[in-house]
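Visitor: Just so you know, we're using the working numbering here: the sequence shown kicks off at 2 and counts up by one. Here it is, the structure, as structure tokens.
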Amino acid sequence: MKQVMDEGILATSKYEKAPRLTKERCMEALTFIYGQIDRNLETFKDTFPSEASTGNIYRQVGNTEWTPAFWTGMLWLAYETTGNEKYRLAGEKQIESFRQRVEEQRYTNTHDLGFLYTLSCVSAYKLTGNEEAKQIALDAAELLYIRYLDQAGIIQAWGDLSDPKQQGRMIIDCLMNLPLLYWASEVSGDTKFYEAAASHVRMSARYLIREDASSFHTFYMDTETGQPKYGSTAQGYADDSCWSRGQAWGIYGFPLSYRYTGDAELIELTSKIANYFLNRLPADYVCYWDLIFTEGPEERDSSAAAIAVCGLLEAAKHLPVLDPLKRQYENAALLILESLIENYMTTHTPESNGILLHAVYSKPGNNGVDECCIWGDYYMQEALVRVTRDWKPYW
Ligand code: GLY
């Protein structure tokens with residue numbers, strides 16, 4: 002793995018002592034989330050919430066984007082933590098839509114099959130032993146595997162594999178799609194999925210992470226020679242800035258790969274990128290939409306903050322008990338979570354059918370800026386589940 006600098010945590014004192022956040026307060030926040038899910042249960046029965054809200058209200062959309070399974074994942078989390086059958090029935094009903102999507106290969110020209118099928122079908126299989134869901138997720142893994150470019154050792158993110166604009170382009174978000182492949186190897190016994198995921202994560206570490214431990218959003222590889230080309234952004238402020246959600250995908254995605262590969266270098270790398278992230282948080286611990294901003298009027302991205310909480314907690318699990326970083330990451334996760342609960346939830350925005358305010362989907366695209374984003378809601382729920390019980394990831 003290439004040399005990546007470690008800034009360390011610059012203000013360690015902030016993360017030395019455990020924050021005030023109590024389990025009761027987290028349970029209260031979860032109860033609020035169940036209420037919002039109940040409110041949406043009828044609306045999003047055969048449809049899904051839009052990627053981002055408009056005026057903090059999600060619209061109904063079909064199963065076409067990269068995001069519908071975040072809602073289904075929320076249903077499965079609610080079922081797992083309450084045991085209430087209404088959530089299981091709602092989650093199961095949605096499996097049909099995911100079956101159709103993969104069977105008809107509609108909107109499947111994307112690496113986001115991992116997000117889509119981990120949260121809708123792997124979750125259903127893990128929680129209820131649903132064999133149909135298992136098969137659908139395996140079919141999705143086969144489609145994702147087709148996107149693995151052998152010569153370059155990466156999974157192409159977007160578009161047709163022959164599209165010159167997208168050819169050989171990997172993106173940091175893809176780290177969250179790899180668990181579908183690792184899982185598929187485990188249940189099918191076919192190691193090709195594992196090999197592809199393990200190669201992709203190594204390439205991501207080498208090329209998406211810069212020497213200062215910040216990240217490119219996207220990076221192009223030459224698919225014929227396998228040589229690296231250049232990094233660029235799609236949703237960040239600039240090609241050479243550090244898109245906050247990308248960094249958060251890294252903080253969560255690398256330790257998830259560690260779970261399956263046991264490659265200790267991935268945890269070392271996670272620490273470096275997590276430290277870079279923590280060193281650029283504003284006073285309330287919720288990042289701006291790009292880490293180039295640390296103060297001022299730019300928008301926050303609460304969804305990146307929620308992803309980072311899950312990632313910090315996951316990384317902390319894999320650090321030795323005596324490593325001070327373990328406690329510091331747990332404390333940092335709780336500080337961010339506390340801030341999200343107190344200042345970013347829709348608790349005092351009764352018109353909203355979302356959970357987390359002040360997320361940004363794409364600032365350069367002027368899409369979903371300062372809105373609720375459905376993945377932010379999912380990761381907020383997952384973060385609360387993680388701190389209130391011993392949770393086995395669907396990832
Ligand atoms: N995976 C797309 C995004 O984070 O916006």
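For each residue, glycine too, the CB sits at the ideal point set by N, CA and C. It should be emphasised that the depicted structure is a prediction, and the values quoted were computed from it without experimental measurement.
Sort 162, 108, 358 by Cα distance to residue 141 and report the nearest one.
Guide: Out of 162, 108, 358, 108 has the C-alpha closest to the C-alpha of residue 141.
Visitor: Can you find a heavy atom of ligand 1 that lies under 7 Å from the Cβ of residue 174?
Guide: Yes, the Cβ of residue 174 comes within 7 Å of a heavy atom of ligand 1.
Visitor: If you measure from the CB of residue 95, is any heavy atom of ligand 1 nearer than 7 Å?
Guide: Incorrect: residue 95 has no Cβ contact closer than 7 Å to ligand 1.
Visitor: Does the beta carbon of residue 246 fall short of 7 Å from some heavy atom of ligand 1?
Guide: Because some heavy atom of ligand 1 lies under 7 Å away, the Cβ of residue 246 counts as near it: yes.
Visitor: Taking DSSP's pairing of strands, which residues face residue 232 in a bridge?
Guide: In DSSP, residue 232 forms a bridge with 220.
Visitor: Looking at the secondary structure, which residues open and close the alpha helix (DSSP H) in which residue 370 lies?
Guide: No alpha helix (DSSP H) contains residue 370, which is instead part of the beta strand (DSSP E) from 368-372.
Visitor: Of all the alpha helix (DSSP H) runs that stay within the bounds of the segment 259-320, which reach a length of 4 or more residues?
Guide: Here the runs fully enclosed are 265-279, 303-318.
Visitor: Taking only the alpha-carbon atoms, compute the straight-line gap between residue 387 and residue 226 and give it to the nearest angstrom.
Guide: So the alpha carbons of these two residues sit roughly 43 Å apart.
Visitor: Using 7 Å as the cut-off, classify the Cβ of residue 379 as near or not near the heavy atoms of ligand 3, replying yes or no.
Guide: For the structure depicted, ligand 3 is absent and the ligand set comprises only ligand 1.
Visitor: Would you mind sorting residue 95 into buried or exposed? The rule is 16 or more other CB atoms within 10 Å of its CB.
Guide: Answer is buried; the Cβ neighbour count reaches 16.
Visitor: Contact between the segment 376-396 and the segment 31-38 is defined here as three or more beta-carbon pairs at a separation below 8 Å; is this criterion met?
Guide: The segment 376-396, when compared against the segment 31-38, does touch it at the 8 Å Cβ threshold.
Visitor: According to the Cβ coordinates, are residue 357 and residue 304 closer than 8 Å?
Guide: Going by C-beta atoms, residue 357 is nearer than 8 Å to residue 304.
Visitor: Below 8 Å CB to CB, which residues in the same chain sit around residue 169 once its five sequence neighbours on both sides are set aside?
Guide: Closer than 8 Å at the Cβ level, and outside the excluded window around residue 169, lie 150, 153, 155, 157, 221, 222, 223, 224, 230.
Visitor: Using alpha carbons as the reference points, say which of 83, 46, 159 lies closest to residue 173.
Guide: Out of 83, 46, 159, 159 has the C-alpha closest to the C-alpha of residue 173.
Visitor: Considering only residues of the same chain and omitting the five flanking positions on each side of residue 26, which have a CB-CB separation below 7 Å?
Guide: Hits under 7 Å: 342.
Visitor: Would you decide whether residue 14 is buried or exposed? Buried here means 16 or more other CB atoms lie within 10 Å of its CB.
Guide: The residue in question, residue 14, is exposed, as its Cβ has fewer than 16 Cβ neighbours within 10 Å.
Visitor: Could you name the residues of the same chain whose beta carbon sits closer than 8 Å to that of residue 197, not counting the 5 residues immediately before and after it, in chain order?
Guide: The residues are 146, 149, 156, 182.
Visitor: Within the same chain, show all residues whose beta-carbon is closer than 7 Å to that of residue 287, passing over the 5 residues directly before and after it, in chain order.
Guide: Once the five neighbours on either side are set aside, the close Cβ partners of residue 287 are 301, 303, 306, 337, 340, 341, 345.
Visitor: Residue 362: beta carbon under 7 Å from a heavy atom of ligand 1?
Guide: Yes; taking the cut-off as 7 Å, the Cβ of residue 362 has a heavy atom of ligand 1 nearer than that.
Visitor: Could you check which residue in 211, 313, 318 has the C-alpha nearest to that of residue 335?
Guide: Looking at the Cα atoms, 313 is the closest of the given residues.
Visitor: Provide the residue span of the beta strand (DSSP E) that contains residue 5, from first to last.
Guide: Neither: residue 5 is in no beta strand (DSSP E) and is coded neither H nor E.
Visitor: Give me, in chain order, the residues of the same chain whose beta-carbon lies closer than 6 Å to that of residue 89; leave out the 5 immediate sequence neighbours on both sides.
Guide: The residues are 80.
Visitor: Here's a check: name, in chain order, each residue in its chain whose Cβ is nearer than 7 Å to the Cβ of residue 266, leaving out the five neighbours to either side.
Guide: Excluding positions up to five away in sequence, the list reads 2.
Visitor: CB-CB under 7 Å to residue 184, same chain, minus the five flanking residues each way: which ones, in chain order?
Guide: The answer, listed in chain order, is 123.
Visitor: Quick check: the Cα distance between residue 258 and residue 391, rounded to an integer number of angstroms?
Guide: If I take the Cα positions, the gap works out to 19 Å.
Visitor: Kindly list the residues whose CB is nearer than 6 Å to the CB of residue 424, restricted to its own chain and excluding five residues on each side of it in sequence; keep chain order.
Guide: With the chain running from 2 to 396 in the structure shown, residue 424 is simply not present.
Visitor: Taking the alpha-carbon positions, what's the residue 193 to residue 115 distance?
Guide: The straight-line gap from Cα to Cα measures roughly 16 Å.
Visitor: Using a Cβ-Cβ cut-off of 8 Å (strictly less than) and excluding sequence neighbours within five positions of residue 21, which residues of its own chain qualify?
Guide: Cβ neighbours of residue 21 beyond the five flanking positions: 339.
Visitor: Taking 7 Å as the cut-off, is the CB of residue 236 close to at least one heavy atom of ligand 1?
Guide: Answer for residue 236: yes, Cβ within range of ligand 1.
Visitor: Is DSSP giving residue 185 helix, strand or coil here?
Guide: Correct three-state label for residue 185: helix.
Visitor: Is residue 121 helix, strand or coil when you go by DSSP?
Guide: In the structure shown, residue 121 sits in a helix (DSSP, three-state: H, G or I).
Visitor: Taking residue 363 as the reference, which of 353, 97, 374 has the closest Cα?
Guide: Selected option, being the one with the closest Cα: 374.
Visitor: Looking only at C-alpha atoms, which of 105, 73, 354 sits nearest to residue 58?
Guide: When only C-alpha atoms are compared, the closest one is 354.
Visitor: For residue 321 and residue 256, what's the separation of their Cα atoms in angstroms?
Guide: Roughly 14 Å separates the two Cα atoms.
Visitor: Going by other Cβ atoms of all chains shown within 10 Å of its Cβ, with 16 needed for buried, is residue 201 buried or exposed?
Guide: When all chains shown are included, residue 201 counts as buried.
Visitor: If we require 4 or more residues per run, which alpha helix (DSSP H) segments fall completely within the segment 22-59?
Guide: Counting whole runs of 4 or more residues, the segment 22-59 contains the alpha helix (DSSP H) stretches 24-41.
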